[in-house]
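Quick note: the sequence shown uses UniProt numbering, first residue 1, plus one each step.
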Amino acid sequence: MANTQLLGGQEYFDCVEVRFKNSRKEYFRNVDKLPLQMGDVVATEAPSGHDVGVVTLTGELVRSQMKKRKVDWEGDIPRVYRKANQHDIDVWQQSRAKEIEVQKQSRELAIALGLEMKISDVEFQGDGSKATFYYTAEGRVDFRQLIKDMAKAFSVRIEMRQIGFRQEAARLGGIGSCGRELCCSTWLTDFRSVSTSAARYQQLSLNPQKLAGQCGKLKCCLNFELDTYLDALQDFPRTDVKLHTQRGMASCQKIDIFKRLMWFTYDENPITWHKLSVDSVKEIIELNKEGEPIEELEEYAIVTDLSSRKSTSAYEGIELAPVEEDSITRFDAPKRKKNKHNNKKASNNNSKPQRDNKTQQAQSQPQGQSNKKKQSPKPKNNGNNNNPNANNNPNTAKKKPNNKNNKPNSNADKPKNENA
Numbered sequence: 001m002a003n004t005q006l007l008g009g010q011e012y013f014d015c016v017e018v019r020f021k022n023s024r025k026e027y028f029r030n031v032d033k034l035p036l037q038m039g040d041v042v043a044t045e046a047p048s049g050h051d052v053g054v055v056t057l058t059g060e061l062v063r064s065q066m067k068k069r070k071v072d073w074e075g076d077i078p079r080v081y082r083k084a085n086q087h088d089i090d091v092w093q094q095s096r097a098k099e100i101e102v103q104k105q106s107r108e109l110a111i112a113l114g115l116e117m118k119i120s121d122v123e124f125q126g127d128g129s130k131a132t133f134y135y136t137a138e139g140r141v142d143f144r145q146l147i148k149d150m151a152k153a154f155s156v157r158i159e160m161r162q163i164g165f166r167q168e169a170a171r172l173g174g175i176g177s178c179g180r181e182l183c184c185s186t187w188l189t190d191f192r193s194v195s196t197s198a199a200r201y202q203q204l205s206l207n208p209q210k211l212a213g214q215c216g217k218l219k220c221c222l223n224f225e226l227d228t229y230l231d232a233l234q235d236f237p238r239t240d241v242k243l244h245t246q247r248g249m250a251s252c253q254k255i256d257i258f259k260r261l262m263w264f265t266y267d268e269n270p271i272t273w274h275k276l277s278v279d280s281v282k283e284i285i286e287l288n289k290e291g292e293p294i295e296e297l298e299e300y301a302i303v304t305d306l307s308s309r310k311s312t313s314a315y316e317g318i319e320l321a322p323v324e325e326d327s328i329t330r331f332d333a334p335k336r337k338k339n340k341h342n343n344k345k346a347s348n349n350n351s352k353p354q355r356d357n358k359t360q361q362a363q364s365q366p367q368g369q370s371n372k373k374k375q376s377p378k379p380k381n382n383g384n385n386n387n388p389n390a391n392n393n394p395n396t397a398k399k400k401p402n403n404k405n406n407k408p409n410s411n412a413d414k415p416k417n418e419n420a
């Protein structure tokens with residue numbers, strides 16, 4: 001639609017959409033009818049000086065966006081000066097490079113003054129003559145002294161602008177719990193209020209940690225499917241209705257909107273749940289209005305018989321072992337028993353390799369060699385044995401008689417009889 005050729009007599013829409021920092025978009029009038037396209041860097045009119053931005057839409061698409069945002073294109077709209085030249089782009093980039101350091105220093109100044117505010121973002125104008133500080137606060141803040149200190153420190157004109165927590169998340173951006181970029185920072189422009197009733201209608205647990213977004217408020221996506229749930233709930237009976245039975249009163253505990261199911265329990269036995277369809281519940285309510293209580297909920301309950309279902313999987317006819325829960329300590333190493341018997345075995349096992357090493361060393365030596373050092377030859381004994389321990393040498397000692405029983409001969413010890 002941006003490059004659509006119009007019929008004779010019609011003119012192109014002379015407004016363009018320009019994007020600034022953090023997806024801030026504004027509309028400007030192309031008075032000089034510059035040939036602008038998406039992605040062009042332009043210098044636009046500002047309250048003082050000029051600003052620099054990027055063209056995002058041209059042509060009739062701008063008209064539809066202005067209608068959506070309720071912007072009067074026939075009124076007074078700031079205009080586009082020119083396409084940005086190299087000097088404009090250089091000054092713009094230098095100003096953008098200072099924003100992080102200026103934001104850090106401004107926070108330090110606010111803390112020094114004891115102001116209960118959070119400066120979340122700083123945006124310099126394209127010509128570098130003005131800086132806008134966006135902050136969030138619970139109440140009103142007197143920042144007159146802060147403006148003086150910042151003007152003295154940064155030598156630019158200061159503008160303070162308070163924004164809400166949702167607008168802060170939209171400016172800073174981020175990743176949501178769904179894994180995608182935040183809706184408010186990409187395409188969402190209508191910040192409607194979100195209440196906890198939206199979570200109740202969708203049967204969500206009222207956990208503030210799960211329902212809150214990065215802004216600390218309820219997620220905007222809770223409103224996306226709310227209308228669908230409300231349409232489906234119109235055919236459901238009220239959840240606070242009581243069913244009259246001969247066994248007692250029954251109350252609703254849970255509903256499944258898209259499966260059209262409701263779960264009821266007896267007030268005397270809230271442990272056992274009975275699953276009923278919406279049509280069955282309506283039938284019971286009509287009978288109760290006529291004064292006829294039903295016998296019991298089991299007559300209308302939906303029973304799921306798993307054994308009657310025919311298996312169509314590839315494992316049909318194969319008996320599968322029942323799945324049991326594994327122990328949470330199945331990966332832990334078993335504890336070793338500390339006793340004396342195991343310690344003795346461990347000491348014996350440690351001593352075996354030493355013996356094996358000795359045998360290996362002995363086998364590795366060549367034959368004819370021994371580990372012992374060769375003894376020097378002893379001098380010959382000429383009969384004079386001066387060594388007192390000579391009798392202790394097993395080689396020189398007299399050998400004992402070889403007796404099988406290793407017993408002394410009793411007959412040899414006895415003296416001979418002279419008369420014999």
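The C-beta atom is built at its ideal place from N, Cα and C for all residues, glycine as well.
Bear in mind the structure is a predicted one, so any value in this text is a computation, not a measurement.
Assuming residue i contacts residue j (C-beta within less than 8 Å), just tell me the rounded distance between them.
i            : j                 : result
glutamate 99 : phenylalanine 124 : 6 Å
aspartate 88 : glycine 53        : 11 Å between Cβ atoms; not a contact.
tyrosine 81  : alanine 43        : 5 Å
Alpha carbon to alpha carbon, what distance is there between residue j and residue i?
i                 : j                 : result
alanine 112       : alanine 212       : 31 Å
serine 155        : lysine 148        : 10 Å
glutamate 60      : glycine 39        : 17 Å
lysine 260        : serine 277        : Reading off the sequence, residue 260 comes out as arginine, not lysine. Looking at the two C-alpha atoms, the distance is approximately 6 Å.
methionine 150    : alanine 97        : 18 Å
glutamate 138     : glutamine 167     : 14 Å
isoleucine 285    : phenylalanine 236 : 12 Å
proline 270       : leucine 297       : 13 Å
serine 95         : lysine 210        : 39 Å
arginine 161      : serine 185        : 19 Å
lysine 289        : methionine 117    : 60 Å
tryptophan 273    : proline 293       : 19 Å
glutamate 17      : proline 35        : 14 Å
alanine 250       : threonine 189     : 46 Å
phenylalanine 264 : glycine 291       : 20 Å
lysine 83         : cysteine 15       : 15 Å
leucine 230       : threonine 58      : 39 Å
glutamine 246     : lysine 68         : 59 Å
aspartate 267     : glutamine 253     : 11 Å
glutamate 295     : serine 280        : 14 Å
glycine 179       : serine 23         : 20 Å
aspartate 240     : phenylalanine 165 : 37 Å
Could you have a look at residue i and say whether DSSP puts it in helix, strand or coil?
i              : result
alanine 84     : coil
tyrosine 300   : coil
alanine 131    : strand
alanine 137    : coil
isoleucine 257 : coil
lysine 275     : strand
alanine 43     : strand
aspartate 121  : strand
cysteine 221   : helix
glutamate 101  : helix
valine 31      : coil
isoleucine 89  : helix
tyrosine 266   : strand
serine 251     : strand
valine 18      : strand
lysine 70      : coil
glutamate 26   : strand
valine 55      : strand
isoleucine 77  : coil
glutamine 162  : strand
Return yes when at least one heavy atom of the ligand COA lies under 7 Å from the C-beta of residue i, else no.
i            : result
arginine 200 : Of ligands this structure carries none, so the ligand COA is not represented either.
Kindly list the residues whose CB is nearer than 8 Å to the CB of residue i, restricted to its own chain and excluding five residues on each side of it in sequence; keep chain order.
i              : result
serine 129     : Ser48, Gly49, Val156 and Arg157
leucine 226    : Ala198, Tyr201 and Gln202
threonine 312  : Legend: pLDDT at threonine 312 = 48, less than 50; position of this residue unreliable, value from coordinates given subsequently. Result list for threonine 312: empty, nothing under 8 Å.
proline 366    : Its pLDDT being 49, under 50, proline 366 is placed unreliably by the model, and nothing is read from it.
alanine 169    : Leu182, Cys184, Ser185, Gly213, Gln214 and Cys215
lysine 282     : Pro237
asparagine 223 : Arg192, Val194 and Ala198
leucine 233    : Tyr201 and Ile257
Can you list, in chain order, the residues of its chain whose CB lies under 7 Å from that of residue i, leaving out five sequence neighbours each side?
i              : result
isoleucine 119 : Gln103, Ser106, Arg107, Ala110, Phe133 and Tyr135
glutamate 181  : Gly173 and Ile175
arginine 79    : Phe28, Arg29, Val31 and Glu45
arginine 19    : Lys25, Gly53, Val54 and Thr56
cysteine 183   : Cys220 and Cys221
leucine 115    : Val141, Phe143 and Leu146
aspartate 72   : none
leucine 206    : Thr196 and Ala199
For residue i, I'd like the list of residues in its chain whose CB is within less than 6 Å of its CB, leaving aside the five on either flank, ordered along the chain.
i              : result
tryptophan 92  : Val52 and Gly126
isoleucine 302 : Lys275
isoleucine 255 : Met262
Pair every Cβ in the segment 194 to 206 with every Cβ in the segment 216 to 229, then say whether three or more of these pairs are closer than 8 Å. yes
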